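These protein sequences, in sequence, are chains D and B. The working numbering numbers the first residue of the first sequence as 1 and each following residue consecutively. The working numbering numbers the first residue of the second sequence as 1001 and each following residue consecutively. Glycine included, each C-beta is placed from N, C-alpha and C at the ideal position. The structure displayed is predicted, hence computed values, not measured ones. Some notes on the structure that comes next.
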Amino acid sequence: MSLSLDATTDGRAEKALPFFSKLAHAGVGDWLFRKLTAFFAFLILFLACLTAFTLWKASVPSIHKMGWSFLTSSDWDPVQEIFGSVPFVYGTLVSSFLALLIATPFGLGISLFLTELAPMKMREPVAFMVETLAAIPSVVYGLWGIFLLAPFMRVHVDPILIKTGLPIFKGPSTGLSLFTAGVILSIMILPTITAISREVFEAVPNAYRESAKALGATNWETIQLAVMKPSKVGILGAVMLALGRALGETMTVTMVIGNTPQVTTNLLAAGHSMASVIANEFSEAVGDIHVAALAEIGLLLMVITLILNVAAHLLVWLTTSKFQR
Amino acid sequence: MIDELAEKEKKERKPVEKEPKNEPRSDSRKIEVAHHEPDASVKKVKMKAEGVCAWFGTKQALFDVNIDINEKAVTAIIGPSGCGKSTLIRCFNRMHETVPGSRFAGDIFLEENSIFDPRMDPVAVRRRVGMVFQKPTPFPTLSIYDNVAVGLRLNGTRDKKTLDEVVEKSLRKAALWEEVKDSLQKAGAALSGGQQQRLCIARSLAVELEVLLMDEPCSALDPISTSKVEELIHELRQNYTIIIVTHNMQQAARVSQKTAFMLNGKLIEYDSTEKVFTNPANKLTEDYITGRFG
Ligand SMILES: Nc1ncnc2c1ncn2[C@@H]1O[C@H](COP(=O)(O)OP(=O)(O)OP(=O)(O)O)[C@@H](O)[C@H]1O
Ligand SMILES: [Mg+2]
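Written as structure tokens, this is what we have:
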């Protein structure tokens, strides 16, 4: 009785309160916090749109001159002002996916080892070391790539790959290639994949592991059933974030990819990437159209990243919504 | 170091001890059947714990527990929180050893064989001695069907027809078939808590199970789901050996034939449920049952 009375008077009082005392009632802090976080969220969205718009504006001359052929042409000739983006898109995608192909199994393996198998005392230090890899500046990776990795690939790895006779590995190799770029990118994105998937695996409730074991699952089966399966979405998230890093990586790739705008299925040949061409040519670009073409490459890179992200979300939705239908 | 030696010695002694020990056991069995199981056929001992001690790191959780578990009967384990009930039943399917830093001494037999025999694979033990946990734990990304089939698939069964059959049979045994037969492809996690718990029971039954360990299987369930699970336990008793840990003494009295009372890692009293609840031999048991502590 008294309870319901209280409730009604309370409700009425709240309606009658003027705006500011209402604030005080709900807590100004709460209100401010909500608005502030909403503001930041919109700010991010706004900045993204602004960036896209700016890039689009800057690339208008190139869009006018080249039209759709910018997306289909493989010629890149600043002297004659003919610009086609295909070799750069190709190089970026190939090196990035190569990096994912190498880094994903390694990264997942490391984080599974760290969360499921390694002795407790070892877990934190090793995780720390792997994550430190992420803090190394990319230009340092680039130097390491030029002085160490590229010669190593040329002398030791590439000859073996050529011997396999696969059409994607053809000599002669200089060590500066799409493949080398993929390898070095894979090392750079390894910490991202490891760190995020480790968190994902750690978040899996222990009850699932116990249930799997109680059903007579071996260690490996437990990992598959109780750890990997529930983590699918999270793993995809880790991979996407890593892909984002690989797509945008500039310095390192520039230093080892060979900077030759060509489209070739031979992974041991030199290539080029979208981020590299912008970094390499922007300061020396003379013609307006050249600058605009580089801006358009930037815009394209943004769009590709966006498309891949949407595709990943779609994939997540497709694999998880199976049950709801 | 000394502990380890003692342990080793204990294990080595075991086979020699086993023979003479069997004699008095069969005697006591006869008495028990005559007095407390008037309707049941002769009870065989399905599992037997001998001098079980268990540690978490340096903390000892079980002290020299000896207990015989009757076949095709329900054995309840009661006792205050932290007395080692879960630890004890987790020794029965070798789950205790999966806890980092844990240690075990003593021996446990499944029928005639020690489950700690070096030739015994813990994985094989867990197929015969299944476990249902306090909170229902269906695998979140699997459908109802896959949740039940998962044990068989681990076994390597791929044949669709066999899987279909076993899934239906297990779900029927777990009294869940009628409720889910039209939605087998839905997520297991989308069921109600009680249904999830029965799904977990069905999942355990799908493999060639002999003993089912239940660790407070109803404590996360509402009364109606609880009574359904209890009914199910009655049914399962026809074919399986069940050990159930429970905090609910009415439940223990309702479902079990024998009851074990534990306190501070020790087995205080173990007798027929009727005896334990009406005329306990030990003062501590009486105090616990009458709610004087715990
Ligand atoms: N993983 C663990 N690490 C360390 N100590 C543990 C662990 N699990 C249990 N213990 C300790 O072992 C003792 C027995 O625990 P156990 O879980 O078997 O009790 P219980 O009888 O099942 O209690 P409850 O009724 O609360 O489930 C407790 O003192 C507990 O603190
Ligand atoms: Mg417990």
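- Around the beta carbon of A195/D, a 10 Å sphere encloses 16 or more other beta carbons of the protein chains shown; the residue is thus reported as buried.
- By the CB criterion at 9 Å, I304/D and V86/D fall outside the cutoff.
- Between the beta-carbon of V140/D and that of P191/D there is about 14 Å, and that puts the pair past the 8 Å contact cut.
- C-alpha of K1283/B to C-alpha of S1192/B: approximately 41 Å in a straight line.
- Distances from the CA of T180/D to each of I297/D, G91/D, W220/D, T104/D were compared; the closest alpha carbon is that of G91/D.
- Between I257/D and H272/D the beta-carbon gap is near 6 Å, inside 8 Å, which marks them as a contact.
- Along the stretch 1081 to 1103 of chain B, going in chain order, the ones with a CB nearer than 7 Å to a CB of chain D are N1093, M1095, T1098, P1100.
- Contact note: F1139/B reaches chain D through Y208, S211, A212, L225, A226, K229, P230, using a C-beta cutoff of 9 Å and chain order.
- Secondary structure at D1107/B: strand, using DSSP grouped into helix, strand and coil.
- The CB of E221/D comes closer than 7 Å to the CB of L1154 in chain B, given here in chain order.
- Scanning D1107/B, K1161/B, L1213/B for the CA closest to the CA of P1118/B turns up D1107/B.
- Of all C-beta pairs linking the stretch 1172 to 1180 of chain B to the stretch 1118 to 1129 of chain B, fewer than three are shorter than 8 Å, placing the two stretches out of contact.
- Counting along the chain, the unbroken beta strand (DSSP E) around G1130/B starts and ends at 1129 to 1132.
- With contacts defined by Cβ atoms closer than 9 Å, K1186/B and I1242/B do not form a contacting pair.
- The beta-bridge partner set that DSSP reports for I1243/B consists of T1075/B, L1213/B.
- Judged by the Cβ position, E1178/B fails to qualify as a neighbour of ligand 2 at the 8 Å threshold, every heavy atom of the ligand being at least this far.
- Closest option to V310/D, judged by alpha-carbon separation, among F53/D, G237/D, N259/D: G237/D.
- According to the DSSP assignment, K1161/B belongs to the alpha helix (DSSP H) that extends over 1160 to 1173.
- Contacts between M1131/B and chain D, judged by CB atoms closer than 7 Å, involve A214 in chain order.
- The DSSP-derived three-state label of A1061/B is strand.
- Our two residues, F1261/B and R1292/B, have alpha carbons roughly 14 Å apart in a direct line.
- Non-local beta-carbon contacts of A58/D in its own chain, meaning distances under 7 Å to residues more than five positions away in sequence, involve A292, A295 in chain order.
- Against chain B, the beta carbon of A217/D has neighbours under 9 Å at V1123, R1126, V1150, G1151, L1154, listed in chain order.
- Membership of C1083/B in any alpha helix (DSSP H) is not indicated, and neither H nor E is assigned to it by DSSP.
- In the three-state reduction of the DSSP assignment, A1260/B falls in the strand class.
- An exposed status is given to C49/D, since fewer than 16 other beta-carbon atoms sit within 10 Å of its beta-carbon.
- For C1200/B, there is no enclosing beta strand (DSSP E); the enclosing alpha helix (DSSP H) covers residues 1193 to 1205.
- At a threshold of 8 Å, E210/D does not count as near ligand 2, since its beta carbon sits no closer than that to any of the ligand's heavy atoms.
- Taking a Cβ-Cβ threshold of 7 Å, none of the residues of chain B is close to M122/D; the smallest such distance is about 12 Å.
- The stretch 1219 to 1237 of chain B makes no contact with the stretch 1049 to 1058 of chain B, as fewer than three CB pairs between them are under 8 Å.
- Taken atom to atom, the span from the alpha-carbon of F113/D to that of A226/D is near 15 Å.
- Scanning H64/D, K229/D, R209/D, F70/D for the CA closest to the CA of V1132/B turns up R209/D.
- The Cβ of P191/D sits no closer than 9 Å to any Cβ of chain B.
- In the DSSP secondary-structure assignment, L1267/B is bridged to M1262/B.
- One Cα belongs to K35/D, the other to L43/D, and the distance between them is close to 12 Å.
- For K1173/B, no Cβ of chain D is located within less than 9 Å of the residue's own Cβ.
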